[in-house]
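What follows is a single structure, written as structure tokens, with notes after it.
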Amino acid sequence: MIETSQLQTLVAVTKAKSFSKAAEDLHVTQSAISQSIKNLEKKIDVKLFKRTGKKVVLTPEGEKLYSLASGFLNQMGDTLDEIQNDKDSMTGKVRMGTLTGIGKSWLAPLMLEFSKDNPGLKVSLNLGFQEDLVREFENYRLDILILPEEHLPSAGEKKLIGEEKCVLVYPDEKEFSLPSDITLEKLSEYPTILFQEGGDGLYGKWCRKKFGRVPKKINSRYIINSHGNMLQAVQKGLGMAVVPKHVLGRSYYKDKVRVFEDGFEVSNGKFYVIYHKDASDLVRIKATIDCLEKSENPLQN
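Numbered per my numbering, the sequence shown spans residues 32 to 332.
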């Protein structure tokens, strides 16, 4: 059986990239570190580290065990925190994750105020990609997720908080004229800013709602996977783009670009709060979810 102390040593050496530095971090001798790793390697019959110059780095097999070890130790630490903190008080840690757009426009400002009102609470926010967030949630490294319906994890309780809408924006310039009766063929002639190479999910959904289909060819002028930077490119006159309404609402460029048909909106799906059922009896988790449900958020507009 692998011992917890051996996993702690593995993680320490990996982070320090040195047996001697890991020994300093753990306040033990270097020989104790070396012996612990040696015993672990003997126990599982796998080489965990290799030397690269003056540093030690993980082998491919070591990387797999490190991922497991770090997740286990983090989960154990969080569990101990929950045990040591009264579940009926607003103390301890709440770890949350959502997509960058809605995180910046709503969750981060809301949690800032929530943290100020609850000084005994430690709030951790992870703004990133849905695949990474779901993996962190399923490994119990996140307590609460806010994601669109199509990306929800299979496990967990969920509550609806709103629906993301997207709009088409274009430069406030004479050469851009988009009448309400414009055809798809004419629209596709205009330079377009896309979120990713080879297509754009929001642009496709907008075209399907407006015209019933997507253009066979798009005059893509600029591609960048940031809706905020897409709006900047629109303002600079590079082309039109489809962006989430809540991103436009918080953007510096919201009054510097034009919106098609003064707000023709297309749904990009419903967003939900997801949380672990076994943590729902903790006061800090219940209070956080309650705050999310009662707050005014851009997905309710």
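A virtual CB, placed ideally from N, CA and C, is assigned to each residue, including glycine.
Span separating the alpha-carbon of residue i from that of residue j
i: Ile316; j: Ser101; result: 24 Å
i: Asn105; j: Val125; result: 14 Å
i: Tyr7; j: Lys248; result: A query on residue 7 cannot be resolved here, the shown segment of the chain reaching from 32 to 332 and no further.
i: Phe168; j: Asp76; result: 31 Å
i: Gly123; j: Pro140; result: 20 Å
i: Thr35; j: Asp148; result: 37 Å
i: Asp119; j: Asn328; result: 27 Å
i: Val314; j: Asp286; result: 42 Å
i: Met271; j: Arg281; result: 18 Å
i: Lys276; j: Pro179; result: 15 Å
i: Tyr283; j: His258; result: 12 Å
i: Leu323; j: Met142; result: 9 Å
i: Thr45; j: Val154; result: 27 Å
i: Tyr253; j: Pro202; result: 14 Å
i: Pro184; j: Gln61; result: 43 Å
i: Val274; j: Phe295; result: 12 Å
i: Asn260; j: Gly108; result: 39 Å
i: Val165; j: Thr90; result: 27 Å
i: Thr83; j: Lys48; result: 10 Å
i: Tyr221; j: Ser326; result: 39 Å
i: Gly229; j: Cys238; result: 16 Å
i: Ala53; j: Lys240; result: 58 Å
i: His58; j: Gln66; result: 15 Å
Beta carbon of residue i nearer than 8 Å to that of residue j
i: Lys181; j: Phe302; result: The identity of residue 181 in the sequence shown is Glu, whereas the question assumes Lys. Against a cut-off of 8 Å, the Cβ pair of Phe302 and Glu181 comes out as no contact.
i: Val288; j: Leu269; result: no
i: Val290; j: Val200; result: yes
i: Gly187; j: His307; result: yes
i: Leu41; j: Leu71; result: yes
i: Ser21; j: Asn170; result: What is shown of the chain runs 32 to 332, which leaves residue 21 out entirely.
i: Lys297; j: Cys197; result: Residue identity check: residue 297 is Val in the sequence provided, not Lys. It is a contact, given that the beta carbons lie within the stated cut-off.
i: Phe80; j: Ile64; result: no
i: Phe50; j: Val87; result: yes
i: Ala318; j: Asp174; result: no
i: Leu138; j: Ile177; result: yes
i: Lys78; j: Glu92; result: yes
i: Val304; j: Lys190; result: yes
i: Glu292; j: Ser211; result: yes
i: Ile192; j: Leu330; result: yes
i: Lys205; j: Asn299; result: no
i: Asn256; j: Phe226; result: yes
i: Phe145; j: Leu38; result: no
i: Ile33; j: Lys74; result: yes
Residues sharing a beta bridge with residue i, DSSP
i: Lys301; result: Glu194
i: Phe80; result: Leu89
i: Leu130; result: Gly159
i: Tyr221; result: Answer is none; Tyr221 lacks a bridge partner.
i: Tyr201; result: Arg289
i: Lys335; result: Here the chain comprises residues numbered 32 to 332, so residue 335 is not present and cannot be evaluated.
C-beta neighbour in chain C for residue i, strict 8 Å
i: Val44; result: Although the question refers to chain C, the structure presented lacks it and comprises just one protein chain.
Handout entry: Segments assigned beta strand (DSSP E), at least 3 residues, entirely inside the region 225-259
Key = Contiguous beta strand (DSSP E) elements confined to the region 225-259 occur at 251-254, taking only those with 3 or more residues.
Exercise for the section: Note down, one range per segment and in chain order, each alpha helix (DSSP H) of at least 4 residues found wholly within the region 134-196. Expected result: Within the region 134-196, the complete alpha helix (DSSP H) runs of at least 4 residues are 139-148 and 161-169.
Exercise for the section: Pair every Cβ in the region 158-169 with every Cβ in the region 119-133, then say whether three or more of these pairs are closer than 8 Å. Expected result: They touch, by the three-pair rule.
Problem - the region 237-257 in contact with the region 205-215 per 3-pair CB rule at 8 Å - result: Contact holds: three or more Cβ-Cβ distances are below 8 Å.
Handout entry: Contiguous beta strand (DSSP E) assignments of at least 3 residues, all confined to the region 263-322
Key = With a minimum length of 3 residues, the continuous beta strand (DSSP E) runs that stay inside the region 263-322 are 272-275, 288-290 and 297-306.
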